[in-house]
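Student: Dropping a structure here in structure tokens format, bear with me for questions.
Now the structure itself:
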């Protein structure tokens, strides 16, 4: 930190993204919840023809992309905002709806960026502990003042709440916003997008980074009431109006035009998830009930840190978080069938080596 | 503004980007300082082969792009930060180096986003009036406390300070940062990048949007001391770590590999600028001395607003700002020779119509 850096950030602890080793080709990468599938050839070809002249500014309102998203989710275009990845729009929501007086409320175990967003915006926040079994209980958020952030499915657990439980939180206090971060919703969870027309105080955030195979393109979006979307766009026009570039925008439209490809990939990931969960349980692992493209696993036979390191030595990257409550666990992204077979085989090898 | 919106933004006035009419094809567009030339075919082809798999996250450190920029400007890679357009990195600089106690100092007539950045970050700011002739006087910034933001060349005037004058400001008070926004530097002004090794308190921001024909790709960067760059990256890792997507990053590397194309385009723009300035002066216009890809013009025969509207009626978009001090003036981007011939011809028509 330079001696010039504003004192307001003196306590800031930046987010640490998942490991991206430079010798990536050496590893099977199951640590950052990316898709094993590229965007479809059809989408790539279509995007090429849709990309606006690159010497011109991108459309700050991303009209075509916003329209395509609105059609996909059966809402009006002014109920959709787009962003440079969903982190950007989550940060906008922290900026708009939390401050020193109005705290952010989120789980103790959830997406690690939430406390960082709160800190960078000098907002108060409260951690609401998940239950012993890592489930999130709606009642813990009812009767408590503050803007709620719920990742559903949650990360790194993969566990999901039904819409009816989130609706209870939204309905109980309509004077505060509930942000539902649905980055992983397409892998078997229920989406809250349907609640957006009925409640003016819910914002649903999604991303093209997981089910839509476009993490490298950086495209996120949020769906909410006109008033909330207008707030988020006020923030955007006060920080970075041209936040979504022309190539990403065109790819977004093209990817939405090929939803069958996305759905087929999601089905494959869910099949591979079932396959991996079965294999791990047969080897005595605890695996939480995941509705995401990753699973959260632990074993009495090997600690989380040891499992992570043993995997890395054998060429497979998974993610381990050192925080006390989840230090025994590892998060494993669901990749191709071949990758998951390699993961299970390697798990067997690691356990066998313990017996030596 | 929704009833949920944080009170801290109640006075916020977002930035208003230049007009982007939906029936764009009807207009010769000289209102947003874009390049009339597309990125080179060579760069486009090279970028294609450099783009990392889109299903994987982009490199949060943008290592290849940062290296290419460092090589281009003869600095070390850890003296370079990249961003989603230069607006993002300017906002980061406002976040890092201004607050309620430490004001931002900038000209009364300059890039209209600076006061917005100050407001969204709840930072104090002071407007330092340009002299009567729109020149910026270094002495006005010396002996005054605060972080300095200077657009050089300035917008919308196009006028530039020599490096020696900016160096005086940087040197006079090495306990505060001077940010030099060089978005338009490649059209005949002197760059301050050479000062970066000698002074730890200067940050130079540039963009691919103007001379490098890549406004639609959204790519900005800043060059400064290691400590300053580390500060900016702390902000990035606390808001949006993957801020530059893989396609934009690859295009950036490819565009830098074809600098001869960029230089040739800049020469053409400067020639077209001379041609346009000559033509306007012959028709009695005042034209400020521009080192940018735009000119700032006024005439005793027609007001700024009237000139803007008469041009728009005739299919040419230029930019008019309603603020008192510059209400008589219009900013005209320099496009292709053909566009500038049309602009001069139309100017003649507009003046002739006044005589009827």
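Protein chains in written order, with this note's numbering: chain X, 1 to 356; chain Y, 357 to 712.
All residues carry an ideal CB built from backbone N, CA and C; glycine is no exception.
Quick one: residues in its chain with C-beta nearer than 6 Å to the C-beta of residue 628 (chain Y), no 5 flanking neighbours on either side, listed in chain order?
Tutor: Taking the second chain and counting its residues from 1, one reaches residue 628 (chain Y) at position 272. Excluding sequence neighbours, residue 628 (chain Y) sits near 690, 693 and 696.
Student: With 9 Å set as the bound, which would you pick, yes or no: does the beta-carbon of residue 435 (chain Y) sit closer than that to a beta-carbon of chain C?
Tutor: In summary, chain C is missing from the structure at hand, where the protein chains are X and Y.
Student: Pull up the distance between the alpha-carbon of residue 187 (chain X) and that of residue 361 (chain Y), whole angstroms please.
Tutor: Translated into positions along the first chain, residue 187 (chain X) becomes position 187. Translated into positions along the second chain, residue 361 (chain Y) becomes position 5. Whole-angstrom Cα-Cα distance: 32 Å.
Student: Which residues, in chain order, does the segment 662 to 690 of chain Y contribute to contact with chain X at a C-beta distance below 8 Å?
Tutor: none
Student: Which word fits residue 678 (chain Y), buried or exposed, when buried means at least 16 other C-beta atoms lie within 10 angstroms of its C-beta?
Tutor: The residue labelled residue 678 (chain Y) in the question sits at position 322 within the second chain. Exposed.
Student: Three or more C-beta pairs under 8 Å: does that hold for the segment 441 to 459 of chain Y against the segment 479 to 499 of chain Y?
Tutor: yes
Student: Ordered along the chain, which non-local residues of its own chain (more than five positions away) have a Cβ less than 7 Å from that of residue 568 (chain Y)?
Tutor: As a first step, residue 568 (chain Y) must be located in the second chain, where it is residue number 212. So the list reads 611 and 618, once near-sequence residues are dropped.
Student: Just to confirm before moving on: does the CB-CB distance between residue 293 (chain X) and residue 184 (chain X) stay below 9 Å?
Tutor: On the first chain, residue 293 (chain X) is found 293 positions in, with the first residue counted as 1. On the first chain, residue 184 (chain X) is found 184 positions in, with the first residue counted as 1. For residue 293 (chain X) and residue 184 (chain X), yes; Cβs fall inside 9 Å.
Student: Locate the alpha helix (DSSP H) running through residue 411 (chain Y), then write down its first and last residues.
Tutor: Here residue 411 (chain Y) refers to the residue found at position 55 of the second chain. Secondary structure note for residue 411 (chain Y): it is in no alpha helix (DSSP H), with a DSSP letter that is neither H nor E.
Student: Nearest-angstrom Cα distance between residue 432 (chain Y) and residue 578 (chain Y)?
Tutor: Numbered from its first residue, the second chain carries residue 432 (chain Y) at position 76. Numbered from its first residue, the second chain carries residue 578 (chain Y) at position 222. The straight-line gap from Cα to Cα measures roughly 12 Å.
Student: Can you list the residues of chain Y that residue 11 (chain X) reaches, using a CB-CB cut of under 8 Å?
Tutor: To locate residue 11 (chain X), count along the first chain from 1; it is residue 11. Those do not exist, as residue 11 (chain X) stays about 11 Å from chain Y at its closest Cβ, beyond 8 Å.
Student: Using 8 Å for Cβ pairs, my map puts residue 498 (chain Y) next to residue 524 (chain Y). What's the rounded Cβ distance?
Tutor: Here residue 498 (chain Y) refers to the residue found at position 142 when the second chain is read from its first residue. Here residue 524 (chain Y) refers to the residue found at position 168 when the second chain is read from its first residue. Sure, about 7 Å apart at Cβ, within 8 Å.
Student: With a cut-off of 9 Å, does the C-beta of residue 217 (chain X) fall near any C-beta of chain Y?
Tutor: For the purposes of this step, residue 217 (chain X) is taken as the residue at position 217 of the first chain. With 9 Å as the cut-off, residue 217 (chain X) counts as an interface residue toward chain Y.
Student: Suppose contacts are defined by Cβ-Cβ distances below 9 Å. Is residue 84 (chain X) in contact with residue 440 (chain Y) by that definition?
Tutor: In the first chain, residue 84 (chain X) corresponds to position 84, counting from 1. In the second chain, residue 440 (chain Y) corresponds to position 84, counting from 1. Yes, the pair counts as a contact, with Cβ atoms nearer than the cut-off.
Student: Where does residue 456 (chain Y) sit, in a helix, a strand or coil, going by DSSP?
Tutor: Translated into the one-based positions of the second chain, residue 456 (chain Y) becomes position 100. Three-state result, residue 456 (chain Y): coil.
Student: How far does the alpha helix (DSSP H) with residue 313 (chain Y) in it reach, from first residue to last?
Tutor: Outside the modelled stretch of chain Y, which goes from 357 to 712, sits residue 313 (chain Y), for which no answer is possible.
Student: Whole-angstrom Cβ separation of residue 535 (chain Y) and residue 505 (chain Y), contact assumed at under 8 Å?
Tutor: Along the second chain, read from residue 1 onward, the residue named residue 535 (chain Y) stands at position 179. Along the second chain, read from residue 1 onward, the residue named residue 505 (chain Y) stands at position 149. At roughly 5 Å, the Cβ-Cβ gap stays under 8 Å, so residue 535 (chain Y) and residue 505 (chain Y) are in contact.
Student: Once the 5 residues before and after residue 8 (chain X) are set aside, which same chain residues still bring their CB inside 7 Å of it?
Tutor: Indexing the first chain from 1 puts residue 8 (chain X) at position 8. Excluding residues within five positions, the ones whose Cβ falls inside 7 Å are 122.
Student: Taking beta-carbon pairs under 9 Å, can you tell me which members of the segment 33 to 52 of chain X lie near chain Y?
Tutor: Only 34, 35, 36, 37, 38, 39, 44, 51 and 52 from the segment 33 to 52 of chain X bring a Cβ to less than 9 Å from some Cβ of chain Y.
Student: Within 8 Å, do at least three Cβ pairs link the segment 40 to 55 of chain X to the segment 20 to 32 of chain X?
Tutor: no
Student: What are the boundary residues of the beta strand (DSSP E) that includes residue 221 (chain X)?
Tutor: To locate residue 221 (chain X), count along the first chain from 1; it is residue 221. Here the beta strand (DSSP E) through residue 221 (chain X) covers 220 to 224.
Student: For the alpha helix (DSSP H) that residue 694 (chain Y) lies in, which residues bound it at each end?
Tutor: Here residue 694 (chain Y) corresponds to residue number 338 of the second chain, with the count starting at 1. First-last of the alpha helix (DSSP H) with residue 694 (chain Y): 693 to 711.
Student: Given this structure, state the Cα-to-Cα distance separating residue 70 (chain X) from residue 171 (chain X), to the nearest angstrom.
Tutor: Looking up residue 70 (chain X) in the first chain gives position 70. Looking up residue 171 (chain X) in the first chain gives position 171. Rounded to whole angstroms, residue 70 (chain X) to residue 171 (chain X) spans 24 Å at the Cα level.
Student: Count the other C-beta atoms from every protein chain shown that fall within 10 angstroms of the C-beta of residue 594 (chain Y), then say buried if there are 16 or more, exposed otherwise.
Tutor: Your numbering for residue 594 (chain Y) matches position 238 in the second chain. Under this definition residue 594 (chain Y) is a buried residue.
Student: Keeping to the same chain, check which residues put their C-beta closer than 7 Å to that of residue 513 (chain Y); ignore five residues upstream and five downstream.
Tutor: Here residue 513 (chain Y) refers to the residue found at position 157 when the second chain is read from its first residue. 465, 490, 644 and 652.
Student: Thinking C-beta only, is residue 58 (chain X) closer than 9 Å to residue 225 (chain X)?
Tutor: As a working note, residue 225 (chain X) is residue 225 in the first chain. As a working note, residue 58 (chain X) is residue 58 in the first chain. Cβ atoms of residue 225 (chain X) and residue 58 (chain X): not closer than 9 Å.
Student: Could you run through the segment 262 to 283 of chain X and flag, in chain order, every residue whose CB is less than 7 Å away from some CB of chain Y?
Tutor: Taking 7 Å as the Cβ-Cβ cut-off, the segment 262 to 283 of chain X has no residue approaching chain Y.
Student: By DSSP, does residue 357 (chain X) sit in helix, in strand, or in coil?
Tutor: Shown here, chain X extends from 1 to 356; a query on residue 357 (chain X) therefore has no answer.
Student: At a CB distance below 7 Å, what residues from the segment 237 to 254 of chain X approach chain Y? Give them in sequence order.
Tutor: 237, 238, 239, 240, 241, 242, 243, 245, 246, 247 and 248
Student: In chain order, what residues of the same chain have a beta carbon less than 7 Å from the beta carbon of residue 233 (chain X), not counting five sequence neighbours either side?
Tutor: Reading the first chain from its first residue, position 233 is the one you call residue 233 (chain X). Counting only residues of its own chain and dropping the five nearest sequence neighbours on each side, residue 233 (chain X) has a CB closer than 7 Å to the CB of 81.
Student: For the beta strand (DSSP E) holding residue 295 (chain X), just list the boundary residues, first then last.
Tutor: Counting from one through the first chain, the residue named residue 295 (chain X) turns up at place 295. Taken as a continuous stretch (DSSP letters only), the beta strand (DSSP E) holding residue 295 (chain X) covers 294 to 298.
Student: Using only the alpha-carbon positions, how far apart do residue 698 (chain Y) and residue 220 (chain X) sit?
Tutor: Here residue 698 (chain Y) refers to the residue found at position 342 of the second chain. Here residue 220 (chain X) refers to the residue found at position 220 of the first chain. When rounded, the distance between both Cα atoms is 41 Å.
Student: Could you say which of Y:515, Y:376 and Y:374 lies nearest to residue 545 (chain Y) if we only look at CA atoms?
Tutor: In the second chain, residue 545 (chain Y) corresponds to position 189, counting from 1. Considering only alpha carbons, the answer is Y:515.
Student: Just the C-alpha distance for residue 201 (chain X) and residue 510 (chain Y), rounded to the nearest angstrom, thanks.
Tutor: Residue numbering aside, residue 201 (chain X) sits at position 201 when the first chain is read from its first letter. Residue numbering aside, residue 510 (chain Y) sits at position 154 when the second chain is read from its first letter. Distance between the alpha carbons of residue 201 (chain X) and residue 510 (chain Y) is about 43 Å.
Student: If contacts are defined as beta-carbon pairs under 8 Å, then residue 666 (chain Y) and residue 625 (chain Y) qualify, I think. What distance do you get, rounded to the angstrom?
Tutor: Stepping through the second chain from its first residue, residue 666 (chain Y) is reached at position 310. Stepping through the second chain from its first residue, residue 625 (chain Y) is reached at position 269. Not quite, the Cβ-Cβ distance comes to about 25 Å (not below 8 Å), so this is no contact.
Student: Is the CB-CB distance between residue 38 (chain X) and residue 410 (chain Y) below 9 Å?
Tutor: Here residue 38 (chain X) refers to the residue found at position 38 of the first chain. Here residue 410 (chain Y) refers to the residue found at position 54 of the second chain. Yes.
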